[in-house]
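*Asks:*
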Amino acid sequence: MVGDALTRPKDLLDFTFYGKREVEDLLALAETLKRERYRGEDLKGKVLALLFEKPSLRTRTTLEVAMLHLGGHAVYLDQKQVGIGEREPVRDIAKNLERFVEGIAARVYRHETVEELARHARIPVINALSDRAHPLQALADLLTLKEAFGGWEGLEVAWVGDGNNVLNSLLEVAPLVGLRVRVATPRGYEPDPALVQKAGALFTHSPQEAALGAHALYTDVWTSMGQEAERERRLQDFNGFQVNGELLRLLRPEGIFLHCLPAHYGEETTEEAVHGPRSRVFDQAENRLHTAKAVLLRLLS
Ligand code: CP
Ligand code: NVA
Numbered sequence: 293m294v295g296d297a298l299t300r301p302k303d304l305l306d307f308t309f310y311g312k313r314e315v316e317d318l319l320a321l322a323e324t325l326k327r328e329r330y331r332g333e334d335l336k337g338k339v340l341a342l343l344f345e346k347p348s349l350r351t352r353t354t355l356e357v358a359m360l361h362l363g364g365h366a367v368y369l370d371q372k373q374v375g376i377g378e379r380e381p382v383r384d385i386a387k388n389l390e391r392f393v394e395g396i397a398a399r400v401y402r403h404e405t406v407e408e409l410a411r412h413a414r415i416p417v418i419n420a421l422s423d424r425a426h427p428l429q430a431l432a433d434l435l436t437l438k439e440a441f442g443g444w445e446g447l448e449v450a451w452v453g454d455g456n457n458v459l460n461s462l463l464e465v466a467p468l469v470g471l472r473v474r475v476a477t478p479r480g481y482e483p484d485p486a487l488v489q490k491a492g493a494l495f496t497h498s499p500q501e502a503a504l505g506a507h508a509l510y511t512d513v514w515t516s517m518g519q520e521a522e523r524e525r526r527l528q529d530f531n532g533f534q535v536n537g538e539l540l541r542l543l544r545p546e547g548i549f550l551h552c553l554p555a556h557y558g559e560e561t562t563e564e565a566v567h568g569p570r571s572r573v574f575d576q577a578e579n580r581l582h583t584a585k586a587v588l589l590r591l592l593s
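Heads up, the sequence shown is in the working numbering, so the first residue is 293 and it goes up one at a time.
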């Protein structure tokens, strides 16, 4: 077993029940696991159910590979088979899965679905992305920032784009580690003001103001999964919010570019940004694996 557990929340739905120590501990564990390219038997015989209403490359693969590297196994259950809330109510799914597996990672449309799973399942439930939060992503973002700058205290991260699930999780975790966030969204796409306030984040409608002198520029798609019907409208509303070479030049010299992926090229970003010298996008993707391992060790072992 690697590392000692501190207080252990049962679930990771968002960072509501996580304090500074839990987050720093998870990140320290992830760094160790990455350095050691850790493989072990810690979760031998344990099974994680991946209950996914939406598609995924990174989240599904990293959770499956992490379980494999830790000696356990993952079972992928997609919406076509399970029919969450259609073929069966969420509560019944929870009360079945807890009899079969040791943990559930759920990717859902409505955040209430992961909350309901967690309420009814006696096993840990991990939010693998909901409309409100993407905590696994935020942990990988923190690891990537630490690798680039040696720590988080006083770093300025500019978010340019939609006030969405990925931003919400970044805003939740930022004050716990001393990370400063500046947010620029178009009018009508602002994040939850309570989260902005709690993070002490700077809010603006100007991408340039957010980016100027920042350590990192972070963006995500303008149209998230489930919002496809709004795409045309969003393309218009987000005009001027693209993160490209021009905007990246406003960062401090050592400034980096982050994107959780997948990217919609020509919309929120460009090939030049994702594949250019400032990009840490693929380190960020790799770090999904190491941080997922840390979460699984903490919650399932
Ligand atoms: N960043 C992320 O969560 O990617 P996937 O949607 O491919 O899992
Ligand atoms: N905001 C995006 C993130 C994808 C990883 C979505 O929810 O589709």
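C-beta atoms are modelled at their ideal positions from N, C-alpha and C, and glycine is treated no differently.
Can you tell me whether M293 is buried or exposed? The criterion is at least 16 other CB atoms within 10 Å of its CB, across all chains shown.
*Replies:* Confidence at M293 is low in this model, with a pLDDT of 40, below 50, so the placement of that residue is unreliable and no value is reported for it.
*Asks:* Give me, in chain order, the residues of the same chain whose beta-carbon lies closer than 6 Å to that of L494; leave out the 5 immediate sequence neighbours on both sides.
*Replies:* R474.
*Asks:* So, using beta-carbon positions, are E345 and R399 closer together than 9 Å?
*Replies:* Yes, Cβ-Cβ distance for E345 and R399 is below 9 Å.
*Asks:* Let me check one thing: in DSSP terms, what residues is F344 bridge-paired to?
*Replies:* F344 pairs with D370 and R399.
*Asks:* Check whether the region 406 to 424 and the region 383 to 398 are in contact - that is, three or more C-beta pairs closer than 8 Å.
*Replies:* Yes: the two stretches touch, three or more of their Cβ pairs being nearer than 8 Å.
*Asks:* Below 6 Å CB to CB, which residues in the same chain sit around G295 once its five sequence neighbours on both sides are set aside?
*Replies:* Confidence at G295 is low in this model, with a pLDDT of 43, below 50, so its placement is unreliable and no value can be given for it.
*Asks:* Which one of E439, N388 and L428 has the shortest CA to CA distance from A413?
*Replies:* The candidate whose alpha carbon is nearest that of A413 is N388.
*Asks:* Check whether the Cβ of T351 sits closer than 8 Å to any heavy atom of the ligand CP, and report yes or no.
*Replies:* Yes, the Cβ of T351 comes within 8 Å of a heavy atom of the ligand CP.
*Asks:* I need the straight-line Cα distance from W257 to D433, nearest angstrom please.
*Replies:* Lying before the first or after the last residue shown, residue 257 is absent from the chain, which here runs from 293 to 593.
*Asks:* Could you tell me which of L504, T496, L305 and A502 sits nearest to E404, measuring between CA atoms?
*Replies:* Looking at the Cα atoms, L305 is the closest of the given residues.
*Asks:* Who are the Cβ neighbours of G363 in its own chain at under 7 Å, not counting the five residues just before and after it?
*Replies:* These residues qualify, in order along the chain: G332, E333, D334, L335 and K336.
*Asks:* So the candidates are F574, L588, Y330 and D303; which of them puts its Cα closest to the Cα of V417?
*Replies:* Residue D303 is the option with its Cα nearest to V417.
*Asks:* Note down, one range per segment and in chain order, each alpha helix (DSSP H) of at least 4 residues found wholly within the region 447 to 507.
*Replies:* Correct list: 457 to 469, 485 to 491 and 499 to 503.
*Asks:* In the DSSP output, what is T561 paired with across the bridge?
*Replies:* Paired residues: V535 and Y557.
*Asks:* Can you give me the C-alpha to C-alpha distance between D423 and S461, rounded to a whole angstrom?
*Replies:* Spanning the two alpha carbons is a distance of roughly 11 Å.
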